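K.L.:
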């Protein structure tokens, strides 16, 4: 079975690459912060507190994003094989054998990626530690002491997330008869699973609760950065929570797009597919939501702090905190941006046969490509709107806590600029992926 799984990977390089990149980058990001936490256990005093905050609190924000992205990517690539698993069962494979095949494929890819990601994390952890030391948050007497424990924990955590998602997807793909799997391979599930609704609702609610705490409690604290501590993570948790609900959000919010883009053949097809295939396109929508909420929320937070912090005694500490915010936001945003490209590549590669049938039915290559790009525009629009709403859980409470009011006093140009960049990234990813898939004739 293991040999078959390894040979099978050669025939789906795009899906394997999507899972590989998610696990690789996820392990690298989580491992980098985990090494700071491990170093904290070997020191004391203020250095220990600073390292624990960066390793556990700030790292926890990134971990929430990473684990969801890894689980989502691994789950989607397994779900996309419903038709294949149905065919395997019609020629005699048992549901258990099919699940073992999918699981071993995912494990082989994830294991290699986790090992390589641990190597990247070793350098990332040292780089973060060097930034903390240069900024004065860690004294020169403290040495970097992260190692095997942190790297192993990060790799195991990411592996568990990937395998759990693959197992769940495998169970869903082999549920029912083989013929039912073939019929339902590309059909939209009637509703999301209850656990997904609960997890998404709890995360989004937690983001809202921390926003309320910022306004009612920490905003009045003598510590000027208490409000930042509570509001900073709000947009990330709210964004991840809404990303978990991405299939439902896309179904509901993509419907009005029919009136906007449905007057052209490509636009009509794209709007129809965005609703009908929301369970597959949700894998692209989720990182768009997270990227928007994290980038806009954190960068606006830093801008508010720069305008409102006038105490010279707190200014130096504030500059360091904001520098770390930039670093963390950059790492998370880079990860989410790569996941947008990654998810589109996997989603479009899965639809190769559909696009060929579309061209055989009379659509030109330009119309087929255009429908995918319009789909990407719909996904980008929905993701940006939802992400901007999630970012308000950080922006509004912190602006109120710093006496700027509900609307910040500056940098109002920043959210539209970030939104435009994310839209271009999404459209560019879709265009690049569909051009690769639609090369050649429809019969090739």
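Residue numbers (my numbering): 2 to 445. Yeah, the Cβ is synthetic: ideal placement off N, Cα and C, and Gly gets one too. In this text the structure is predicted, and so the values were computed from the model without any measurement.
In three-state terms, what does DSSP make of residue 143?
P.N.:
Note: residue 143 maps to coil in three-state DSSP.
K.L.:
Quick one: grab the DSSP three-state call for residue 47.
P.N.:
Note: residue 47 maps to helix in three-state DSSP.
K.L.:
Check each candidate in 144, 344 and 343 and name the one with the smallest Cα separation from residue 37.
P.N.:
Looking at the Cα atoms, 144 is the closest of the given residues.
K.L.:
By how many angstroms is the C-alpha of residue 269 removed from the C-alpha of residue 363?
P.N.:
Cα to Cα, the separation comes out at about 15 Å.
K.L.:
Where do the N-terminal and C-terminal ends of the alpha helix (DSSP H) with residue 301 fall, by residue?
P.N.:
That run of the alpha helix (DSSP H) goes 279-309.
K.L.:
Can you have a look at residue 248 and say buried or exposed, based on whether 16 or more other CB atoms are within 10 angstroms of its CB?
P.N.:
Under this definition residue 248 is a buried residue.
K.L.:
Using a 10 Å radius around the Cβ and a threshold of 16 neighbouring Cβ atoms, would you call residue 407 buried or exposed?
P.N.:
So residue 407 ends up on the exposed side.
K.L.:
Would you call the region 368-387 and the region 253-262 touching, i.e. three or more CB-CB distances under 8 Å?
P.N.:
The region 368-387 is in contact with the region 253-262.
K.L.:
For the alpha helix (DSSP H) holding residue 95, just list the boundary residues, first then last.
P.N.:
First-last for residue 95: undefined, no H or E at that position.
K.L.:
If residue 228 and residue 290 are in contact, beta carbons under 8 Å, what's the gap, nearest whole angstrom?
P.N.:
With a Cβ gap of about 24 Å, residue 228 and residue 290 do not count as contacting.
K.L.:
With distance defined between alpha-carbon atoms, name the residue in 357, 337, 396 and 411 nearest to residue 230.
P.N.:
Checked all of 357, 337, 396 and 411; the closest Cα to residue 230 is 396.
K.L.:
With a cut-off of 8 Å, do at least 3 Cβ pairs link the region 340-353 to the region 280-296?
P.N.:
Flag = yes, the region 340-353 and the region 280-296 touch.
K.L.:
DSSP three-state call for residue 410: helix, strand or coil?
P.N.:
The answer is coil: DSSP assigns residue 410 none of H, G, I, E or B.
K.L.:
If you drop the 5 nearest sequence neighbours on each side, which residues of the same chain put their C-beta closer than 7 Å to that of residue 387?
P.N.:
So the qualifying residues of the chain are 243, 250 and 290.
K.L.:
For residue 246, which residues in the same chain have their Cβ closer than 8 Å to its Cβ, ignoring the five residues on either side in sequence?
P.N.:
Correct list, in chain order: 193, 197, 198, 201, 202 and 205.
K.L.:
Within 10 angstroms of its Cβ, does residue 416 collect 16 or more other Cβ (buried), or is it exposed?
P.N.:
So residue 416 counts as buried.
K.L.:
Residue 300 and residue 374 - do their beta-carbons sit closer together than 8 Å?
P.N.:
No, Cβ-Cβ distance for residue 374 and residue 300 is not below 8 Å.
K.L.:
Rounded to whole angstroms, what's the CA-CA distance from residue 234 to residue 91? Just pull it up for me.
P.N.:
About 49 Å.
K.L.:
Is DSSP giving residue 183 helix, strand or coil here?
P.N.:
Legend: pLDDT at residue 183 = 49, less than 50; position of this residue unreliable, no value from coordinates given.
K.L.:
On a Cα-Cα basis, can you pick out the residue from 377, 329 and 157 that is closest to residue 342?
P.N.:
Checked all of 377, 329 and 157; the closest Cα to residue 342 is 377.
K.L.:
Does the beta-carbon distance from residue 30 to residue 100 come in below 8 Å?
P.N.:
Their beta carbons are not under 8 Å apart, which means residue 30 does not touch residue 100 by this criterion.
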